[in-house]
Amino acid sequence: MAQKTPEIYSVELSGTEDVGKTDTGDGKEKYRGLKDKRLELKKNHQKEELKKEVDLEDHKLSIKELERKYGTNIVTGLSSTQAAELLARNGPNALTPPKETPEIVKFLKQMVGGFSILLWIGAILCWIAYGIQYFNDKSSSLDSVYLGCVLALVVILTGIFAYYQEAKSTNIMASFSKMIPQQALVIRDSEKKTIPADIRLLSTQGCKVDNSSLTGESEPQSRSCEFTHDNPLETKNIGFYSTTCLEGTATGMVINTGDRTIIGQIASLASGVGHEKTPIAIEIEHFVHIVAGVAVSIGILFFIIAVSMKYYVLDSIIFLIGIIVANVPEGLLATVTVTLSLTAKRMAKKNCLVKNLEAVETLGSTSIICSDKTGTLTQNRMTVAHLWFDNQIFVADTSEDHSNQVFDQSSGTWASLSKIITLCNRAEFRPGQESVPIMKKVVVGDASETALLKFSEVILGDVMEIRKRNRKVAEIPFNSTNKFQLSIHETDDPSDKRFLMVMKGAPERVLEKCSTIMVNGQEQPLDDSTAEAFHTAYMELGGLGERVLGFCHLYLPADKFPETYSFDVDTVNFPTSNLCFVGLLSMIDPPRSTVPDAVTKCRSAGIKVIMVTGDHPITAKAIAKSVGIISANSETVEDIAKRLNIPVEQVSKRDAKAAVVTGMELKDMSPEQLDELLTDYSEIVFARTSPQQKLIIVEGCQRQDAVVAVTGDGVNDSPALKKADIGIAMGIAGSDAAKNAADMVLLDDNFASIVTGVEEGRLIFDNLKKTIAYTLTKNIAELCPFLIYIIAGLPLPIGTITILFIDLGTDIIPSIALAYEKAESDIMNRKPRHKKKDRLVNAPLAIYSYLHIGLMQALGAFVVYFTVYAQEGFRPSALINLRVEWEKDSVNDLEDSYGQEWTQYQRKYLEWTGYTAFFVGIMIQQIADLIIRKTRRNSIFQQGLFRNKVIWVGIASQIIIALILSYGLGSVSALNFTMLRPQYWFVAVPHAILIWVYDEVRKLFIRLYPGSWWDKNMYY
Amino acid sequence: DKKSFNQCMAEWKLFLYNPTTREFLGRTTKSWGLILLFYLVFYGFLAALFSFTMWAMLQTLNDEVPKYRDQIPSPGLMVFPKPVTALDYSFRVSDPESYRGYVDDLTKFLKSYDLEEQKNLTACPDGALREQKGPTYTACQFPVVSLKGCSGVEDPEFGYSTGNPCILVKMNRIIGLKPQGKPRINCISKGEKTATLSTYPSNGTIDLKYFPYYGKKLHVRYLQPLVAVQVAFNTTSTGKEVTVECKIDGSPNLKT
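As they're listed, the protein sequences go chains C and W.
The end of the first sequence is residue 1020 by our numbering, with every number in the run present.
The end of the second sequence is residue 10256 by our numbering, with every number in the run present.
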């Protein structure tokens, strides 16, 4: 909603507190925000500045000073002319959307990236060659022009394809983000109100805001007019743009709008944080360098050889092009893109929406996950976890559906306690949700009350009905001074005319008001031993990081409080002491049930999970323990100190595996100290951290050469999300800024989904290795013909166009099929790959592909080639050094081994038959290559020959494409294919079988002798 | 992460030879030895295998006749003198050097048609295919005199010195080819009538007695029939350039 009225703002903020009642008690107060005059924020924001916290002074100023600063008056506001002027100067109150790379730039990047530049060079060389030819002889053939065009076409087509793939995956994201409005709006007459700008509060009434999107703190925070903290994020007299006001009302003065708000600053700074190159991008670059290096050096080497062998320079250039084309796996980058997007699709099904295709793999190489607590590790809703009554702690079921409440419900105390829980509660279900399961129903009320309502609804049935039967006659709502909530009800027992007063609140406050305690349904005097038991239980539950509430009741005597008695909550004309204590109930935001498993998986996968939360250290530690981030048997320094009863300073840091670090401690740490902390402890929890500190933590992890995944939802998280190797935004709780900055969006906010993502990412890395090995192999088989052609002068065994038909035709589907290969062993049981040591393309892979299988393939293909020539009349011995005569257009009577004479056209046709034969030879052996690439260590028979059906689709596609090329398009002379005799298709089969056998032997030795010379040199 | 030059050099030196691990180019002597041994064995095996398959493939071949002749269904024509680049001859009558190459080439080509060379060949009857059953195959004589002025006997300059150059046309050898009908080589001058063509033997006839051909090994000293074309430029025409097109006629199974 754009700002249509450049005048005085009038914004209503009202709380949700009083939905049960009419709005009268909490009359809407006009909040008169004044059109601001903003701080001139420094233009040159530095990243450092962001880490240091935000720059804002207004919270320290008095109202008078503020008035002066902004040239306004808090009663009358700005004049409309002034306001219009300011609007013109500062722009509307909206965030500038992050800058997008122009589409054309993205497209051009695809056109020149990777191998494209090499192919462009090839194409240009072709045209230059033709130019020279044309200059010498006007009637020279257009072959090299065609070839140049074909090469250019290949580059353009693969570029368009890659661009399309990229755009498609970006579109998924775009459509997703459209579901959420881009700008925070002021929503009137609804439950929650979003604050429209940064506001300095001038007067408040019970105002609470949810700053979670900004600071990550999930607790509602109260707001007042006093300046309480130097840090603008901590002080109470500032309300922030895009945060929500949960209850109460406030009036304030707008101090910043649009991009100048705190959120705006962060959002714009986040886009300034440099995005690191993804690991897979680095790997692919590395691979491109290797292949391009091989191509260029072989090309130049043979160019020199050719020139020194007295070939014409022009011919040598043509050879050079041939060598480049043979060496460059034209289809590979497109294949990689498809493979990644297939995995991205698979991950999206598992609730990981990947924005940037390359991030698919990054997740797999992740070695540290910095995870939020609330919502990611936990269910993001308060849930009753423990109960204490009858001097006993009972455990409540905190699983997602609460289905299994097993504690003892026979005691009379429980009957009383359950009544208090039910009655002393203002939360209600929204109407019209009868068919929704209880745990999913929407509740109007705060988190604790919601938890209690659902808890009682599950156990007792229809709470609303119970409340109706026990009509409420008076109520004192909870407030922060008395810290309790009280209500008085009629009982549902018609014979009992007494009123029941129920109270809940902070346990120590509630206990103060009690003189008796209920044990096994009987009231007993509250003596020291029972008080002691209470305290033990209270401490224990509090130590679990749970929020504890005390419950008590009192039956008001009927004689003093007859049915007609009129209760007055203002004068409190009823007793509020000497009550009967009934029990304690503690609540926590429980971990998601799938998380402990996922954390264990991470651990066995060698991934360190670090919790980073804004919550209290005790709660954070408790959750960390319950999900296994801090394992059951490891202790922090403080734990050891407590156990041994010695001061913390005396504990040897080496004994502790775990550490809980608060934001305050982190603030005082030097980068070196942080590094030490991150290396020394395997289990770390950061509590009470601000999102800014997240960035510091991420950078600390990255200094350890770790690949860091970071989860985040708040706007303030966005710099950390950008900085991380893979930023993961929450799909449900996440803000748009976070989603924009992230590489991946977790649709279900569930930590466990990250782990499935990691698994997919690791699998894709393995499978990409296989794909690349498969694709590189045939390069040698394509290259050797050129080398032999130059050196031994055979008629050219395979043409450039034919090579393109392998690279972009028969080989494409099989190489994609390898992406569907299942993992060979449990990939979640090995360490994450070291980003500098475990390369995608390593020396063994290149050597094995080029010098072993590639060479065998070349030999096999040559056999087919020689067979074709020999059976047509040219024996191998006759072919040597035949090249010059063979290629002379004027020679029309070239004699073969049998004395027959061949015209130039007949030779050309035979040459094309040779191309086709060589092509078929490579294709047949690529089938074997495809099969052996299914595994790198295991036998194919262990992996299952038929488990991956797509491989067979790939093989079928290879054969069908080859058949079409040979028999269908054999008559199209531009394609240089001919109809090949059926038996030639089988000539290379023995070689194909040999390749398979050889690879099985290789794998067998690798399995038999792990760590041996063979393993080191032959395992890729 | 910029390393100093010295650091780089030190790293390279360490890579070249690392005294602590005794690694040379990143590998110990033993590792290098194993690598060499491995590749020796592996490539030896591959070479042996390749040689074996090639040998096996050659065993399937017939020494006398190639397995397939489908790629040369009908014979091409070849002209002499041997064209250098394009099928284009130009010379000046006044300058013997300009046509010496052509004359030499023709002389050389006709060498195997010398009477001396042909005296052991059979004089075959004209007009019929000469199918032989072996085991020995004989070749027929080709009377070079039938080429008349282009035989080189009367005019060792093949007409070049007089401005009436000769060009010999031959039909490619193809094993087992049996022309049907009465094959002849028909040459015509295209474009403006600047010259008249004479073909020898008359009508450009190719006698059937030279067919079929039984291959280099069986059919030793086989001579293929020739046809000569002599160009006589019209004295009236100004241009002394002519485009000649020759093709096989008269035989339904021969096409060019």
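Each residue gets a CB set at the ideal place from its N, CA and C atoms; glycine is no exception.
Min CB distance C:V884 to chain W below 8 Å | no
Closer than 8 Å to chain C by CB, W:L10121 = no
Classify W:C10140 as buried or exposed, calling it buried when 16 or more other Cβ atoms lie within 10 Å of its own Cβ.
-> buried
How far does the alpha helix (DSSP H) with W:W10032 in it reach, from first residue to last?
-> 10029-10059
What residues in its chain sit with their C-beta under 8 Å from that of C:G412, if we drop five residues either side in the sequence?
-> M518, N520, G521, Q522
Cutoff 7 Å; reference C:R346; Cβ partners in own chain excluding five residues on either side | E760
Check distances from the C-beta atoms of the stretch 10147-10175 of chain W to those of chain C and list, in chain order, the residues that come in under 8 Å.
-> K10170, N10172, R10173, I10174, I10175
Alpha carbon to alpha carbon, how far is C:C602 from C:V755?
-> 7 Å
Go ahead and pull the three-state DSSP assignment for C:P494.
-> coil
Which one of C:V510, C:Q702, C:T711, C:D826 has the shortest CA to CA distance from C:L526?
-> C:V510
Output yes if chain C places a C-beta closer than 8 Å to the C-beta of W:Y10068; else output no.
-> yes
Whose Cβ in chain W lies nearer than 9 Å to the Cβ of C:T903?
-> I10072, P10075, G10076, L10077, M10078, N10172, T10256
C:G712 beta carbon less than 8 Å from that of C:A738 | yes
What does C:Y1020 touch in chain W if you count any residue whose Cβ is under 7 Å from its own?
-> Here the premise fails: no neighbours, minimum Cβ distance about 16 Å.
Name the DSSP bridge partner or partners of C:P525?
-> C:T516
Leaving out five residues before and five after W:Q10118 in sequence, what residues of the same chain have Cβ atoms less than 6 Å from its Cβ?
-> Q10141
8 Å Cβ cutoff, W:K10178 in contact with chain C = no
Buried or exposed for C:C701, please, with buried defined as at least 16 other CB atoms from any protein chain shown within 10 angstroms of its CB.
-> buried
Would you kindly report the start and end of the unbroken alpha helix (DSSP H) that includes C:M347?
-> 332-349
Identify each residue in the stretch 859-881 of chain C for which the Cβ-Cβ distance to at least one residue of chain W is less than 8 Å, and report them in chain order.
-> L859, F862, V863, F866, T867, A870, Q871, E872, G873, R875, P876
Which residue from C:Y909, C:S652, C:S631, C:I630 puts its Cα closest to that of C:V637?
-> C:S652
C:G550 - partner residues in DSSP beta bridges = C:G505, C:L584
Identify the continuous beta strand (DSSP E) that holds W:V10229 and give its terminal residues.
-> 10226-10233
Can you check whether the CB of C:V864 is closer than 8 Å to the CB of C:Y984?
-> yes
Quick one: measure Cβ to Cβ for C:G239 and C:G258, integer angstroms, because I've assumed they're closer than 8 Å.
-> Rounded, the Cβ-Cβ distance is 16 Å, inconsistent with contact.
Shorter than 8 Å from the beta carbon of W:A10086 to some beta carbon of chain C?
-> yes
When DSSP builds the beta bridges, which residues end up paired with C:M611?
-> C:S371, C:V685
Could you tell me whether any Cβ in chain W is nearer than 8 Å to the Cβ of C:N892?
-> yes
Under 8 Å from the C-beta of C:Q906: neighbouring residues of chain W = Q10071, I10072, G10076
For the stretch 414-422 of chain C and the stretch 591-607 of chain C, state whether three or more C-beta atom pairs, one from each stretch, are separated by less than 8 Å.
-> no
Below 6 Å CB to CB, which residues in the same chain sit around W:S10198 once its five sequence neighbours on both sides are set aside?
-> Q10230
Any C-beta of chain C under 8 Å from that of W:F10109 = no
Below 8 Å CB to CB, which residues in the same chain sit around W:T10243 once its five sequence neighbours on both sides are set aside?
-> S10189, K10190, G10191
Please classify C:S690: is it buried, with 16 or more other beta-carbons within 10 angstroms of its beta-carbon, or exposed?
-> buried
DSSP state of C:S690 mapped onto helix, strand, coil = coil
Under a CB-based cut-off of 8 Å, is C:G1011 close to chain W?
-> no
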